[in-house]
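Protein chains in written order, with our numbering: chain C, 1 to 294; chain F, 1 to 296; chain Y, 1 to 251.
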Amino acid sequence: MSRREDSFFPNLEGRKRLDLIFKLVFFSANLVGLSVLLLLLGKIVRDSWGWLDMQFITSFPSRFPEKAGILPAIYGTVYLMIITALFAIPTGIAAAIFLEEYAKKSKFLSFIQVNVYNLAGIPSIVYGILGLTVFVRWLNLGRSLLAGGLTMGLLVLPVVIVTAQEAIRAVPESLRHAAYALGATKWQTVRYVVLPSALPGMLTGIILALSRAIGETAPLIPIGALTFIRTIPKSPFDSFTVLPIQIYNWTSRPQADFRAIAAAGIVVLLIVLILMNSIAIFLRNKYQGRIKEI
Amino acid sequence: MIKSGKDFGRERGIQLILAVAASFSVLVTAFIIISLFEEMSGFFREVSLKEFFTETRWSPLFNPPHYGIAPLVAGTMLVTVVAMIVSVPLGLASAVYLSEYAPDKLRRLIKPVLEILAGIPTIVYGYFALTFVTPAIRAVIPGTNVFNALSAGIVMGIMLIPMISSLSEDAMMAVPMSLREAAYALGATKLEVAFRVVIPAAMSGIVASFILAFSRAVGETMIVALAAGSTPKLTLNPLESIQTMTGYIVQVMLGDTPFGSIEYKSVYAVAGVLFFITLSLNLVGNRIVRRYKEVY
Amino acid sequence: MSMESVITIRDLRVSYKDREVLKGINLDIYGNKITAIIGPSGCGKSTLLRCLNRMIDLADGARVSGRVLLQGEDIYSPKIDPVRVRFKVGMVFQKPNPFPKSIFENVAFGPRINGYKGDLSALVERSLRLAGLWDEVKDRLTANAYTLSGGQQQRLCIARALALEPEVLLLDEPCSALDPVSTMRVEETIAYLKERLTIVMVTHNIQQAARVADYTAFLLNGELVEFGETSRMFTVPKDKRTEDFITGRFG
Ligand SMILES: Nc1ncnc2c1ncn2[C@@H]1O[C@H](COP(=O)(O)OP(=O)(O)OP(=O)(O)O)[C@@H](O)[C@H]1O
Ligand SMILES: [Mg+2]
Numbered sequence: 001m002s003r004r005e006d007s008f009f010p011n012l013e014g015r016k017r018l019d020l021i022f023k024l025v026f027f028s029a030n031l032v033g034l035s036v037l038l039l040l041l042g043k044i045v046r047d048s049w050g051w052l053d054m055q056f057i058t059s060f061p062s063r064f065p066e067k068a069g070i071l072p073a074i075y076g077t078v079y080l081m082i083i084t085a086l087f088a089i090p091t092g093i094a095a096a097i098f099l100e101e102y103a104k105k106s107k108f109l110s111f112i113q114v115n116v117y118n119l120a121g122i123p124s125i126v127y128g129i130l131g132l133t134v135f136v137r138w139l140n141l142g143r144s145l146l147a148g149g150l151t152m153g154l155l156v157l158p159v160v161i162v163t164a165q166e167a168i169r170a171v172p173e174s175l176r177h178a179a180y181a182l183g184a185t186k187w188q189t190v191r192y193v194v195l196p197s198a199l200p201g202m203l204t205g206i207i208l209a210l211s212r213a214i215g216e217t218a219p220l221i222p223i224g225a226l227t228f229i230r231t232i233p234k235s236p237f238d239s240f241t242v243l244p245i246q247i248y249n250w251t252s253r254p255q256a257d258f259r260a261i262a263a264a265g266i267v268v269l270l271i272v273l274i275l276m277n278s279i280a281i282f283l284r285n286k287y288q289g290r291i292k293e294i
Numbered sequence: 001m002i003k004s005g006k007d008f009g010r011e012r013g014i015q016l017i018l019a020v021a022a023s024f025s026v027l028v029t030a031f032i033i034i035s036l037f038e039e040m041s042g043f044f045r046e047v048s049l050k051e052f053f054t055e056t057r058w059s060p061l062f063n064p065p066h067y068g069i070a071p072l073v074a075g076t077m078l079v080t081v082v083a084m085i086v087s088v089p090l091g092l093a094s095a096v097y098l099s100e101y102a103p104d105k106l107r108r109l110i111k112p113v114l115e116i117l118a119g120i121p122t123i124v125y126g127y128f129a130l131t132f133v134t135p136a137i138r139a140v141i142p143g144t145n146v147f148n149a150l151s152a153g154i155v156m157g158i159m160l161i162p163m164i165s166s167l168s169e170d171a172m173m174a175v176p177m178s179l180r181e182a183a184y185a186l187g188a189t190k191l192e193v194a195f196r197v198v199i200p201a202a203m204s205g206i207v208a209s210f211i212l213a214f215s216r217a218v219g220e221t222m223i224v225a226l227a228a229g230s231t232p233k234l235t236l237n238p239l240e241s242i243q244t245m246t247g248y249i250v251q252v253m254l255g256d257t258p259f260g261s262i263e264y265k266s267v268y269a270v271a272g273v274l275f276f277i278t279l280s281l282n283l284v285g286n287r288i289v290r291r292y293k294e295v296y
Numbered sequence: 001m002s003m004e005s006v007i008t009i010r011d012l013r014v015s016y017k018d019r020e021v022l023k024g025i026n027l028d029i030y031g032n033k034i035t036a037i038i039g040p041s042g043c044g045k046s047t048l049l050r051c052l053n054r055m056i057d058l059a060d061g062a063r064v065s066g067r068v069l070l071q072g073e074d075i076y077s078p079k080i081d082p083v084r085v086r087f088k089v090g091m092v093f094q095k096p097n098p099f100p101k102s103i104f105e106n107v108a109f110g111p112r113i114n115g116y117k118g119d120l121s122a123l124v125e126r127s128l129r130l131a132g133l134w135d136e137v138k139d140r141l142t143a144n145a146y147t148l149s150g151g152q153q154q155r156l157c158i159a160r161a162l163a164l165e166p167e168v169l170l171l172d173e174p175c176s177a178l179d180p181v182s183t184m185r186v187e188e189t190i191a192y193l194k195e196r197l198t199i200v201m202v203t204h205n206i207q208q209a210a211r212v213a214d215y216t217a218f219l220l221n222g223e224l225v226e227f228g229e230t231s232r233m234f235t236v237p238k239d240k241r242t243e244d245f246i247t248g249r250f251g
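This is the structure:
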């Protein structure tokens, strides 16, 4: 096969070298993410060093950084999440059940579906303006926890719907057939067969959605979450602040000490997020175990 | 089992409730459009469309005020382009590594890191931009403004890496194994398989990931509100203080602007443009993603 | 015609994780002949074939031991790069897998990455002619390969492999996804090709082995039960299991 030797020049060494170089380049791209993560966490821990103490956790905001604390923001965040969850979880799961189990394939269904996907991509600040217009002004809820919670609920609704849909879709068709064969109605099938097996997946989605909501700042700015709040909100109609808003306010001040308590606030926020995600993982593992037993 | 009439009514009732919940999402979209439109129409009674789209100054507080959206759009694009310059190569490279090179063990290590990166609140990224990246840039390039598009853009780009990486990786994973085998059997190296087979075959999904990331960057608020400044300006210099559309909205909303004033209404006009741009991008991006999911 | 062994397989063992699927294969593949590998599903035919061009390296958790000599050179020796082996040994798969590119680009793929310095168009034409596809596609070389029928796509894949002028061509059930007419065309192509190169073909179809193969290897549960000239093996099988298999009593 001499002709072959004459006409092909595979240059294997060169190509292998290029392959290796690019492999390293591609790998390093992933290191960038990791290093930024470490850098960011390191920077925040260092900035907040010495500022994060019980006094900070249990105090109200103040003009003096050394006296300022984050208590109302913690309460605000917790209350806001309760309202967001109470609104978005049932609505989102109900919508997902309808889209996956009830709706016939139709133009309208695919319109709803496309709509859900695109809602997920609308900038959060636009949700804030929606909340300001509809909840604060039209429904006259004022700059209240309720207005904020509902706005946040709308924001995370698409996330809840999409993840719940995926969880429902993952339930094997054979389980449904088994239920129907026993004479179960559609709703009984959904209620006693589909939902229990979709639950772990849904839980993950819900925690994902709430994690997103906890960290969101922009939609609450038009709603008018306050930063100088002297009381803990007592009813859904009270004014409020949340962790990210408080952090934003402190960060946007030029004094170094305020930056430091902003960093301390970020640490609190990240701890809350880590806790939530640990709970999600714990619940998921627990429920997965139970379903396997059945 | 014979179903009683009561059972039947119950089933219908439940179905109705579920249908209402599903339609609710459409209602949300409708309300976004209605609420934007209402105040926008008020705004355009006082400011002509021509001024809005052709005037090159945005200075609501001057006398007379100017309402040309161009500087805000330009500011947004400047930050977005910087973000894309950072996130596209890094995100794509990360995706190629994960889909073509990474051994399973490493994949299981890298993916969670990217997920954590994606889950960090934007306010934290904003803090990082302002207190770390900006001083670093100013140390390298003295004279850089404290508020600048570069810092916000770089940090936003890092924030977008996981999004591009995971969407592109999905697209590459959807390329059938048989195509890779065909190329390997012809004596291709991994790099050649990636560049000549996998990436071209996954191109539409990869482009969709860029589009969706672009849209995300256009709508991103907290990073630019903290780090990019509040100076509406037509400039290509990323070292200057600028203002984005989202940045303007935040600025007005934080002030004591009375309902019904022209400044208040201008927010809706800006938000309307923002909504229109991001919605168009998302429609295109999501459509491509759904299409390639159907192909394989 | 010489009866030299182009590929010599000695005590070849392959395991996936802990399961051994090839249990010490010894086999000679003769030059310019067609060797068929037959056997029931899961017996290790594809695995054996993939050992001959080191495609097996791509399978997760596959461990190979033993020797495979290609023209006297052990392709599993650490000195040897699998990429070079694949450059010399072509492969065609069960399901046609053309790239989503034009017909021309499909055939030109191998020559391009392997630095072909000759006339590329001529090489593409020659390869397509060898695969018996030229007349059908000569007017639409720029059309996407997916516009071809399944049988045409499979012959395109053969042309694609031939463009590297390989010494050996491996075919893994090349006709199993094709209709009878397309199958016939591919079989004709294969029969014609053995003038120029050595062919190893896995097939599920015993009649096909009888029609085209000079030699047949019968594999069962990872062991080589019988190997010999096809005409002899199909008339007087030495092993009872071979007889059962070719008469359709199992498998
Ligand atoms: N990548 C892999 N990982 C683990 N096991 C594998 C892998 N590939 C094949 N096997 C197993 O090895 C055995 C042999 O597989 P092989 O594909 O070689 O069989 P085959 O004879 O080609 O079968 P068929 O006629 O169905 O194509 C089978 O039991 C199969 O399950
Ligand atoms: Mg096989």
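Note that beta-carbon positions come from the ideal geometry of N, C-alpha and C, so glycine has one too. Note that the structure is a prediction, hence the values are computed from the model and not measured.
(message) Residues of chain Y with CB closer than 7 Å to the CB of serine 178(F), please, in chain order.
(response) Within chain Y, the residues near serine 178(F) are Phe93, Lys95, Asn97.
(message) Quick check: is the beta carbon of valine 83(Y) nearer than 8 Å to any beta carbon in chain C?
(response) Chain C, which has a Cβ nearer than 8 Å to the Cβ of valine 83(Y), makes this yes.
(request) Give the DSSP-derived three-state secondary structure of isoleucine 297(C) in the structure shown. (result) Since the first and last residues shown for chain C are 1 and 294, residue 297(C) lies out of range.
(message) I believe leucine 243(C) touches isoleucine 74(C) by the beta-carbon criterion, under 8 Å. Please report the beta-carbon distance rounded to the nearest angstrom.
(response) About 7 Å; that satisfies the 8 Å criterion.
(message) Alpha carbons only, please: which of Leu123(Y), Glu195(Y), Glu136(Y) is nearest the one belonging to lysine 33(Y)?
(response) For the set Leu123(Y), Glu195(Y), Glu136(Y), the Cα lying nearest the Cα of lysine 33(Y) is the one of Glu195(Y).
(message) Residues around ligand 1, please: the ones whose beta-carbon is closer than 5 Å to some heavy atom of it, in chain order.
(response) That query returns the following residues: Tyr16(Y), Val21(Y), Ser41(Y), Gly42(Y), Cys43(Y), Gly44(Y), Lys45(Y), Ser46(Y), Thr47(Y), Ala59(Y).
(request) Might you give, ordered along the chain, the residues of its own chain that have their beta carbon closer than 7 Å to the beta carbon of alanine 129(F), omitting 5 neighbours on each side? (result) Here the set comprises Ser151, Ala152, Val155, Ile223, Leu226, Ala227.
(request) Please confirm whether alanine 85(C) and leucine 195(C) have their CB atoms less than 8 Å apart. (result) Not a contact, by the Cβ cut-off of 8 Å.
(request) Locate the beta strand (DSSP E) running through leucine 98(F), then write down its first and last residues. (result) Run containing leucine 98(F): none; DSSP gives neither H nor E here.
(request) Give a single yes or no on whether valine 14(Y) has its beta carbon closer than 7 Å to a heavy atom of ligand 2. (result) No, since every heavy atom of ligand 2 falls outside the 7 Å radius drawn around the Cβ of valine 14(Y).
(request) Determine the direct distance from the alpha carbon of isoleucine 158(Y) to that of alanine 256(Y), and round the result to whole angstroms. (result) There is no way to answer for residue 256(Y), as the model of chain Y reaches only from 1 to 251.
(message) With a threshold of 8 Å between beta-carbons, can phenylalanine 22(C) be considered close to chain Y, or not?
(response) Chain Y places no beta carbon closer than 8 Å to that of phenylalanine 22(C), leaving this residue out of the contacts.
(message) For proline 111(Y), tell me which candidate among Leu283(C), Val36(C), Asp6(C), Asn249(C) has the shortest Cα-Cα distance.
(response) Residue Asp6(C) holds the alpha-carbon nearest to the alpha-carbon of proline 111(Y) among Leu283(C), Val36(C), Asp6(C), Asn249(C).
(message) Buried or exposed for threonine 235(Y), going by 16 or more other Cβ atoms inside 10 Å?
(response) Exposed.
(message) Could you tell me the alpha carbon to alpha carbon distance between tyrosine 146(Y) and alanine 217(F), rounded to whole angstroms?
(response) Distance between the alpha carbons of tyrosine 146(Y) and alanine 217(F) is about 37 Å.
(message) If I follow the unbroken alpha helix (DSSP H) through tyrosine 192(Y), where does it start and stop?
(response) Run containing tyrosine 192(Y): 180 to 193, per the alpha helix (DSSP H) assignment.
(message) Any C-beta of chain C within less than 9 Å: which residues of the region 101 to 135 of chain F qualify?
(response) Along the region 101 to 135 of chain F, the positions whose C-beta sits under 9 Å from a C-beta of chain C are Tyr101, Ala102, Leu106, Ile110, Val113, Leu114, Ile116, Leu117, Gly119, Ile120, Pro121, Thr122, Ile123, Val124, Tyr125, Gly126, Tyr127, Phe128, Leu130, Thr131, Phe132, read in chain order.
(request) Report the rounded CA-to-CA distance for isoleucine 69(F) versus arginine 12(F), giving the unit in angstroms. (result) Rounded to whole angstroms, isoleucine 69(F) to arginine 12(F) spans 51 Å at the Cα level.
(request) For the region 47 to 66 of chain C, enumerate the residues whose C-beta is nearer than 9 Å to any C-beta of chain F, in chain order. (result) For the region 47 to 66 of chain C, the residues whose beta carbon sits under 9 Å from a beta carbon of chain F are, in order, Asp47.
(request) Could you tell me if the beta carbon of glutamate 173(Y) falls within a distance shorter than 7 Å of some heavy atom in ligand 2? (result) Flag set: Cβ of glutamate 173(Y) near ligand 2.
(request) Just the chain Y side, please: which residues come within less than 8 Å of leucine 18(C) by C-beta, in chain order? (result) Taking a Cβ-Cβ threshold of 8 Å, none of the residues of chain Y is close to leucine 18(C); the smallest such distance is about 11 Å.
(request) Entirely within the region 115 to 169 of chain C and at least 3 residues each: give me those beta strand (DSSP E) ranges in chain order. (result) Runs of the beta strand (DSSP E) lying entirely within the region 115 to 169 of chain C and spanning at least 3 residues: none are present.
(message) Give me the DSSP bridge partner(s) of tyrosine 180(C).
(response) According to DSSP, which records beta bridges pairwise, tyrosine 180(C) is partnered with nothing at all.
(message) Which same chain residues end up closer than 8 Å to threonine 242(Y) when comparing Cβ atoms and leaving out the 5 residues on each side of it in sequence?
(response) Contacts found: Phe218, Val225, Glu226, Met233.
(request) Determine the extent of the beta strand (DSSP E) in which arginine 212(C) is found, giving its start and end residues. (result) Looking at the DSSP string, arginine 212(C) is not in any beta strand (DSSP E); the run it does join, the alpha helix (DSSP H), is 195 to 215.
(message) If I measure Cβ to Cβ from tyrosine 264(F) and keep anything under 8 Å in the same chain, skipping five residues before and after, which residues do I get?
(response) In chain order, Glu39, Val252, Thr257, Pro258 place their CB closer than 8 Å to the CB of tyrosine 264(F), counting only its own chain and leaving out the 5 sequence neighbours on each side.
(message) Buried or exposed, going by whether 16 or more other CB atoms sit within 10 Å of the CB of glycine 72(Y)?
(response) By the neighbour-count rule (16 or more Cβ atoms within 10 Å), glycine 72(Y) is not buried but exposed.
(request) Quick one: measure Cβ to Cβ for leucine 281(F) and phenylalanine 195(F), integer angstroms, because I've assumed they're closer than 8 Å. (result) Actually they do not touch by this definition, with Cβ atoms about 27 Å apart.
(message) In this structure, how does DSSP classify tryptophan 58(F) when only helix, strand and coil are distinguished?
(response) Strand at tryptophan 58(F).
(message) Based on DSSP bridge pairs, tell me the residues matched to lysine 88(Y).
(response) In the DSSP assignment, lysine 88(Y) forms no beta bridge with any residue.
(request) Identify each residue in the region 109 to 128 of chain Y for which the Cβ-Cβ distance to at least one residue of chain F is less than 7 Å, and report them in chain order. (result) Within the region 109 to 128 of chain Y, the residues whose Cβ lies closer than 7 Å to some Cβ of chain F are Phe109, Gly110, Ile113, Asn114, listed in chain order.
(message) Checking 8 Å against the spacing of the C-beta atoms, do threonine 313(Y) and valine 168(Y) come in under that value?
(response) Any answer about residue 313(Y) is impossible in this case: the structure gives chain Y only from 1 up to 251.
(request) Return the bridge partner residues of glycine 228(Y) from the DSSP annotation. (result) Per DSSP, Thr216(Y).
(message) Let me check you understand the geometry: is the CB of valine 202(Y) closer than 7 Å to at least one non-hydrogen atom of ligand 2?
(response) Yes, Cβ of valine 202(Y) sits closer than 7 Å to a heavy atom of ligand 2.
(message) Taking CB distances under 8 Å as the criterion, tell me whether leucine 40(C) reaches chain F.
(response) Chain F contact via Cβ: present.
(message) Quick check on this structure: which residue in Val198(F), Ser178(F), Leu274(F), Gly9(F) has the alpha carbon closest to the alpha carbon of threonine 246(F)?
(response) Nearest of Val198(F), Ser178(F), Leu274(F), Gly9(F) to threonine 246(F), Cα basis: Leu274(F).
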